[in-house]
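Trainee:
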Amino acid sequence: GESVGLHLPTLSVQEGDNSIINCAYSNSASDYFIWYKQESGKGPQFIIDIRSNMDKRQGQRVTVLLNKTVKHLSLQIAATQPGDSAVYFCAENSGYSTLTFGKGTMLLVSP
Amino acid sequence: GAVVSQHPSWVICKSGTSVKIECRSLDFQATTMFWYRQFPKQSLMLMATSNEGSKATYEQGVEKDKFLINHASLTLSTLTVTSAHPEDSSFYICSASNWGGRGKETQYFGPGTRLLVL
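Chains L and V, in that order, give the protein sequences.
Using this note's numbering, read the first sequence as starting at 1 and increasing by one per residue.
Using this note's numbering, read the second sequence as starting at 1001 and increasing by one per residue.
#1: For a contact meaning CB atoms closer than 7 Å, what does Q1107 of chain V contact in chain L?
#2: So, using beta-carbon positions, are M1047 of chain V and F1067 of chain V closer together than 8 Å?
#3: Please report how far the alpha carbon of G43 of chain L lies from the alpha carbon of T1082 of chain V, in whole angstroms.
#4: For the segment 24 to 53 of chain L, which residues have a CB atom closer than 8 Å to at least one CB atom of chain V, in sequence order?
#5: For the beta strand (DSSP E) that G30 of chain L lies in, which residues bound it at each end?
#6: When burial is assigned at 16 or more other CB atoms within 10 Å of the CB, is H1071 of chain V buried or exposed?
#7: If you compare alpha carbons, which of V:R1037, V:L1076, V:G1053 is closest to G1061 of chain V?
#8: DSSP state of D17 of chain L, grouped into three classes?
#9: Is the beta carbon of C1094 of chain V less than 8 Å from the beta carbon of Q1006 of chain V?
#10: Report yes if the CB atom of L1079 of chain V is closer than 8 Å to the CB atom of W1035 of chain V, and no otherwise.
#11: Grab me the residues of H7 of chain L's own chain with a C-beta within less than 6 Å of its C-beta, minus the 5 sequence neighbours each way, in chain order.
#12: Taking the CB atoms as reference points, tell me whether L108 of chain L and S12 of chain L lie closer together than 8 Å.
#13: I want to verify the contact list: residues of chain V whose CB lies under 7 Å from the CB of K103 of chain L, in sequence order.
#14: For L1026 of chain V, which option in V:G1110, V:T1106, V:L1116 has the closest C-alpha, if you only look at C-alpha atoms?
#15: What did DSSP end up calling L8 of chain L once you bin it into helix, strand or coil?
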């Protein structure tokens, strides 16, 4: 079946830098995408979502970009802080209630 | 809003015993709840989808007789791991869909339950 994948398993940045986490999806029928943050030993935390009729959506310090042409999704975190260190998952929905999760990217923020 | 709780947060049990995990949506009604398991450094694997008042839909490869799911109300779903064995040790996470929020596709996750079977 089709799946969501991530390019970078680990991303290391310095505190204050901007972080970009990428996600490639292959299901062209997917019309809704979510980014989750998961800290060690905890459940995933909703960060931001975007529907396929949008290219960009901004939240607090986070921006999600969607490029439907190349089936690419990215999460940008501005002024990354040590508290942003976690594993980030993208998830896609193709019209049903279930989500398909990517493999995850670990973000490591150094002070 | 959209808070989901799980209980217990961790459990250690002997092989052969059954373990029940509760998932509650605290501030919204969840017509659909989901159960996932996650192994270390891996992504979430959907086990089953649970709709209130009906039987759960299990993913391929998940034994429905081993992982019993009950969704008795709009705020509570339970997962019972029957006759647990060491290979069932994992991190079990539930999520709930909030019909009154962003839409049925958005899932809000509980904090997870760490199960260790000795």
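Cβ atoms here follow ideal geometry from the backbone N, Cα and C, with glycine treated the same way.
Mentor: From the atom records:
#1: As a working note, residue 1107 of chain V is residue 107 in the second sequence. In chain order: L99.
#2: Looking up residue 1047 of chain V in the second sequence gives position 47. Looking up residue 1067 of chain V in the second sequence gives position 67. In contact: M1047 of chain V and F1067 of chain V (Cβ atoms closer than 8 Å).
#3: Translated into positions along the first sequence, residue 43 of chain L becomes position 43. Translated into positions along the second sequence, residue 1082 of chain V becomes position 82. G43 of chain L and T1082 of chain V: Cα-Cα distance of roughly 23 Å.
#4: Y32, I34, Y36, G41, K42, G43, P44, Q45, F46, D49
#5: To locate residue 30 of chain L, count along the first sequence from 1; it is residue 30. At residue 30 of chain L the sequence reads Ser, which differs from the Gly that was named. Taken as a continuous stretch (DSSP letters only), S30 of chain L belongs to no beta strand (DSSP E), as it is neither H nor E.
#6: Your numbering for residue 1071 of chain V matches position 71 in the second sequence. So H1071 of chain V ends up on the buried side.
#7: Residue 1061 of chain V sits at position 61 when you count from the first residue of the second sequence. Measuring C-alpha to C-alpha distances from G1061 of chain V to each of V:R1037, V:L1076, V:G1053 identifies V:R1037 as the nearest.
#8: Start at 1 with the first residue of the first sequence, and residue 17 of chain L comes out as number 17. The answer is coil: DSSP assigns D17 of chain L none of H, G, I, E or B.
#9: Within the second sequence, the letter at position 94 stands for residue 1094 of chain V. Within the second sequence, the letter at position 6 stands for residue 1006 of chain V. Yes, these two residues count as a Cβ contact at 8 Å.
#10: The residue you call residue 1079 of chain V lines up with position 79 of the second sequence. The residue you call residue 1035 of chain V lines up with position 35 of the second sequence. For L1079 of chain V and W1035 of chain V, yes; Cβs fall inside 8 Å.
#11: Here residue 7 of chain L refers to the residue found at position 7 when the first sequence is read from its first residue. For H7 of chain L, the predicted structure reports a pLDDT of 44, less than 50, and the residue's modelled location is therefore unreliable. The matter cannot be settled from this model.
#12: The residue you call residue 108 of chain L lines up with position 108 of the first sequence. The residue you call residue 12 of chain L lines up with position 12 of the first sequence. Closer than 8 Å, so yes.
#13: Taking the first residue of the first sequence as position 1, residue 103 of chain L is located at position 103. Within 7 Å Cβ-Cβ: S1043.
#14: Here residue 1026 of chain V is taken as the residue at index 26 of the second sequence, counted from 1. It is V:G1110 whose Cα lies nearest to the Cα of L1026 of chain V.
#15: Taking the first residue of the first sequence as 1, we reach residue 8 of chain L at position 8. Residue confidence for L8 of chain L is low, a pLDDT of 46 falling below 50, so the modelled location carries little weight and cannot support an answer.
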